[in-house]
Each structure stands twice: as structure tokens, then as C-alpha cells.
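K.L.:
Residue numbers (the numbering used here): 2 to 313.
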């Protein structure tokens, strides 16, 4: 098993807060939808009793290679190499079709993913333009940058990166690739740096975010996950979502709102039809990292946790 270098160690975000809300029955069944390096899974297992069980998902081959040895030897632990959007696939959910009372996903990129130049997630490290969570299949950032039309690029930069002047950036990319393909993160970063102007952040920040979201279909996968999680979790079970940017958080917030509110006109009825009863309730207000956590782990700064519970 490959060991993770100390510089690449991942510090789980909002660890205590998320697991305190998640684990309501020490003998229940839980899902960690984003195993990563096992930080959240580790605390879940520490809280579970001998009859509890945990199913950990991750589509990243590196996550499977780096499963903690103590987890592999724990009979309560089960690893499934798949994305959290696939938790309701028949081949997966037959293992936890009853007594599933908690699901957690951490939508952030892990430190090993960011710090490994070969993965192409960071413009601060020179590597191939990949950005796939599962780098064994699907289109890469290289494919998007070199083969998407200008209108497609404008769309993803605008919608997924909320980039200023998306057309100008797309035009620069098109102009450059007419001469030669864009192959590395450094090359892309240099192209974008000419558009820096007086921006507070490097222009590559939001462009890289947009590319990563497009490559991994992140927002559609999150929407699919929320629907499937609500379907398979038991009544009284909780779903905890840690997000890192406003696009993700809006989707989660909207989902909770849509499934926890009642049409005002229906309130006039003596008895609310079952199909129109709220399906979830919000367990807490938005939770952010403490100042201490941000100091210890600056990458946690933008994290936010939402927790909701299935009630019908």
C-alpha cells in the first residue's frame, strides 16, 4: 500500500461538528460518501458500537490505494470504489437497504489531490491538465480546453466559475490553441495571467474551479446524490453535506427548502395529504469552521456544513 507523504496529509474539515450531527445511533449503518484519506470515516468508526457499520465510497483510485490499514481490518468497515452519486445503485444499496441512518459527503478536494501535480487540480503546480476525480475514465481538463467551442467555454466559465469577462478568457484560450494545444496547468495559468488586471485573486482560481466542475459533472452529481440519499436513508436519518463554494451550497440549501416547506394553500386543509407533507427538517443553521480550525487548516476557510433529517 502506498503511503501518503507528510506534506500531502489531508486534514478533515469540520470533523467533530459533522460527526456529532451524523451519528445518532452507535449501532446504525452509515455512509461516508467521500472517503478521501479516511478522516471522517475514522471518527465515525470510533463512535460506532460493535453492531454498527460504515460504507465508505470514493471514485478516486488513490483513495482505494491509501485506505487506512486499521479500517481494512475492521469488520464494520466496507469500501466501495464509486462516486457518492451512485449510493442508490442496486449493486451498492443491497448491502445497506435497512437501518441506514446517516450519510455524509465532503465535497472538497483533498490535500493529496491538490498537492499532486500529476492530478492537475492546482495552477500553483505544473502538471498535466487532468482534474478527473477518477483519472481512469471520462474527459479531462485537457479535452475541455482544447476541444470545446468558444460558446461552451464561455458557458462553463460563467456558470461554474462565475468568472469575470468569461468571453475574453475563452477568446484567449481559443487564440492560443490555434497555435498549439494547451497541455499543462502552468501553460494555462500563464495564459490567464495576462488577464489579471486588478483582480483580488488570481484569474486561474475560478477558471480551474469551472473546469473541475465540468470535468467531473459535480453539480449534477450533487443534485442526483441529494435525491437518492433522501430516498434510501431511514426516517429519522440524517444527511450532512460539507460544501466549499456558493454553487454547491445553493443546491443543498434549495433542496432542503423545497423538501421542508408546505404550500400555504395546503395549510387550509384539515389533513395534509401524505404526498405533500414535508420530507425533511433542518437540524441546524449553517455551520462554518471556527477561527481555530481556520488557523490550523487554512484550506477549511470556505467550508460550510448543512445538516437535515428525513421525517417522512
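The beta carbon of each residue, even a glycine, is placed where N, CA and C say it ideally should be.
For residue 6, which residues in the same chain have their Cβ closer than 6 Å to its Cβ, ignoring the five residues on either side in sequence?
P.N.:
Annotation note: pLDDT 37 at residue 6 (below 50); position unreliable, no value reported.
K.L.:
What separation, rounded to the nearest whole angstrom, lies between the Cα atoms of residue 296 and residue 228?
P.N.:
Near 35 Å, if we compare the C-alpha coordinates of residue 228 and residue 296.
K.L.:
Kindly confirm or deny that the stretch 300-312 and the stretch 11-27 touch, where touching means at least three C-beta pairs closer than 8 Å.
P.N.:
As far as the Cβ criterion goes, the stretch 300-312 touches the stretch 11-27, which means the pair count is three or higher.
K.L.:
Got a sec? Which residues, its chain only, sit under 8 Å from residue 108 by beta carbon, not counting five neighbours each side?
P.N.:
Closer than 8 Å at Cβ, skipping near neighbours: 35, 219, 223, 242, 243, 244, 245, 249.
K.L.:
Do you know how far the Cα of residue 215 is from the Cα of residue 252?
P.N.:
Approximately 16 Å, taken between the alpha carbons.
K.L.:
Classify residue 189 as helix, strand or coil using the three-state DSSP reduction.
P.N.:
In this structure, residue 189 counts as helix in the three-state DSSP scheme.
K.L.:
Exposed or buried, residue 52, counting other C-beta atoms within 10 Å across all chains shown (16 or more means buried)?
P.N.:
Looking at its Cβ environment, which holds fewer than 16 other Cβ atoms inside 10 Å, residue 52 is exposed.
K.L.:
State the CB to CB distance for the pair residue 118 and residue 127, rounded to an integer number of angstroms; the pair is presumed to be in contact (CB under 8 Å).
P.N.:
That belief holds up - the Cβ atoms of residue 118 and residue 127 are roughly 6 Å apart, short of 8 Å.
K.L.:
Ordered along the chain, which non-local residues of its own chain (more than five positions away) have a Cβ less than 8 Å from that of residue 137?
P.N.:
Around residue 137: 62.
K.L.:
How would you call residue 111, buried or exposed, if buried means at least 16 neighbouring beta carbons within 10 angstroms?
P.N.:
That one is buried.
K.L.:
Do residue 28 and residue 49 have their CB atoms nearer than 9 Å?
P.N.:
Taking 9 Å as the Cβ cut-off, residue 28 and residue 49 qualify as a contacting pair.
K.L.:
Does the beta-carbon of residue 217 have 16 or more other beta-carbons within 10 angstroms, so that it is buried, or is it exposed?
P.N.:
With 16 or more Cβ atoms within 10 Å of its Cβ, residue 217 is classed as buried.
K.L.:
Which same chain residues, not among the five before or five after residue 155, have their C-beta less than 7 Å away from its C-beta?
P.N.:
167, 168, 171, listed in sequence order.
K.L.:
Which residue marks the beginning of the beta strand (DSSP E) containing residue 327, and which one marks its end?
P.N.:
Outside the displayed span of the chain (2 to 313) sits residue 327, for which this structure offers no information.
K.L.:
Measure the CB-CB distance between residue 193 and residue 205 and report whether it falls below 9 Å.
P.N.:
In this structure, residue 205 lies closer than 9 Å to residue 193 by Cβ.
K.L.:
According to DSSP, which residues form a beta bridge with residue 282?
P.N.:
Residue 282 pairs with 310.
K.L.:
To the nearest angstrom, how far is it from the Cα of residue 309 to the Cα of residue 23?
P.N.:
Roughly 10 Å between the two C-alpha positions.
K.L.:
So, helix, strand or coil for residue 49, using DSSP?
P.N.:
In the structure shown, residue 49 sits in coil (DSSP, three-state: anything other than H, G, I, E or B).
K.L.:
What are the complete alpha helix (DSSP H) segments, minimum 4 residues, inside the stretch 118-182?
P.N.:
Correct list: 142-148, 151-162, 167-178.
K.L.:
Hey, how far is the Cα of residue 121 from the Cα of residue 93?
P.N.:
About 30 Å.
K.L.:
Could you tell me the alpha carbon to alpha carbon distance between residue 44 and residue 21, rounded to whole angstroms?
P.N.:
Near 10 Å, if we compare the C-alpha coordinates of residue 21 and residue 44.
K.L.:
Give me, in chain order, the residues of the same chain whose beta-carbon lies closer than 6 Å to that of residue 79; leave out the 5 immediate sequence neighbours on both sides.
P.N.:
These residues qualify, in order along the chain: 56.
K.L.:
Roughly how many whole angstroms lie between the Cα atoms of residue 64 and residue 83?
P.N.:
Those two C-alpha atoms are separated by around 11 Å.
K.L.:
Please name the residue in 178, 81, 307 whose C-alpha comes closest to that of residue 59.
P.N.:
Closest by alpha carbon: 81.
K.L.:
How many whole angstroms separate the CB atoms of residue 315 and residue 279, which I take to be in contact at a CB cut-off of 8 Å?
P.N.:
Residue 315 falls outside the range modelled here, since the chain spans only 2 to 313, and no answer is possible.
K.L.:
Can you give the Cα-Cα distance for residue 203 and residue 75, rounded to whole angstroms?
P.N.:
Going by the C-alpha atoms only, they are around 44 Å apart.
K.L.:
At which residues does the beta strand (DSSP E) containing residue 240 begin and terminate?
P.N.:
Unbroken beta strand (DSSP E) run through residue 240: 239-244.
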